[in-house]
Every structure is written in C-alpha cells, then in structure tokens.
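Following UniProt numbering, the numbering of the sequence shown begins with 1 at its first residue and continues without gaps.
Note that CB positions come from ideal geometry on N, CA and C, so glycine has one too.
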Amino acid sequence: MSDSSNEGIKTVLHPVSDLAAAKAVYTALLGTPPQADGPYYVGFDVAGQHIGLVPGGGPQAMTSPVAYWHVSDIEAKLAEVTAAGATLKEAARDVGGGRLVATVTDPDGNVLGLLQDPQ
Numbered sequence: 001m002s003d004s005s006n007e008g009i010k011t012v013l014h015p016v017s018d019l020a021a022a023k024a025v026y027t028a029l030l031g032t033p034p035q036a037d038g039p040y041y042v043g044f045d046v047a048g049q050h051i052g053l054v055p056g057g058g059p060q061a062m063t064s065p066v067a068y069w070h071v072s073d074i075e076a077k078l079a080e081v082t083a084a085g086a087t088l089k090e091a092a093r094d095v096g097g098g099r100l101v102a103t104v105t106d107p108d109g110n111v112l113g114l115l116q117d118p119q
C-alpha cells in the first residue's frame, strides 16, 4: 500500500435527463437550493458532501451515479488501484481551479471516481 491517503466519498455526481425536474427533487431532498446552478451542472454542498447533477451524463457519458473518493495524490492512487486490478476509464484531468478527477472501473465494471483538490 502507498501513502496516498483518501478522505472518503465526498462527491457524488448523478446523470439526469431533465435538469429542472431533478433540481427540484434534490432541492427538496437536501433542504437547500443549489450552490452552483447552470445549464451544464447543478451542485449542492450539504453536510460536507457535494452532490452534482449532470445533464445527459455530461462529456463522460455517465449512465449511473459516480461516487468520488477524495485523495491526496491522484496519480499515486491511480497507480495503486490499477496495480490491484482496476481498469483506467478516464485519466486524471483538471476540471477547473486545479481540481483533478479520474475514473476507474473495478473488476465488475463499477465506476469509481477519484478526486484531488488543489494543495
């Protein structure tokens, strides 16, 4: 095992077909309006978690929710999990402000997200 720690799942992205309808449901569920509200992404920050709504699954073509594990070193964690049997789906990329995200699949095809915030 490496020293690439993780902080647990703090971000979950949900692909949605109707952004307005989904936004209403998640606003009611979470009890707060979204903190990010645009035509390409709606995001809620509640109780230390970020819940995002991605119209049409976004450029990643998500077909189901993806939980993102927050890690201290995304490249080290990618190396660790792929050495253990995960398959790289999407290499680490900057999604703005220095935040890096990547995805892998486990041996059963489940998508796992990794997220590194700027340090």
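**Asked** Going by other Cβ atoms of all chains shown within 10 Å of its Cβ, with 16 needed for buried, is glycine 113 buried or exposed?
**Response** Taking a 10 Å sphere around the C-beta of glycine 113, we find 16 or more other C-beta atoms and assign the residue as buried.
**Asked** Between valine 71 and the rest of its own chain, which residues show a CB-CB distance below 8 Å, the 5 nearest in sequence each way excluded?
**Response** The beta carbon of valine 71 is closer than 8 Å to those of Ser4, Ser5, Asn6, Glu7, Lys77, Leu114, Leu115, Gln116 in its chain, skipping five residues each way along the sequence.
**Prompt:** Is threonine 32 helix, strand or coil by DSSP?
**Reply:** In this structure, threonine 32 counts as coil in the three-state DSSP scheme.
**Asked** With which residues is arginine 93 paired in a DSSP beta bridge?
**Response** Per DSSP, Val101.
**Prompt:** For glycine 96, which option in Leu30, Asp108, Pro118, Gln60 has the closest C-alpha, if you only look at C-alpha atoms?
**Reply:** Of the candidates Leu30, Asp108, Pro118, Gln60, the residue whose Cα lies closest to the Cα of glycine 96 is Pro118.
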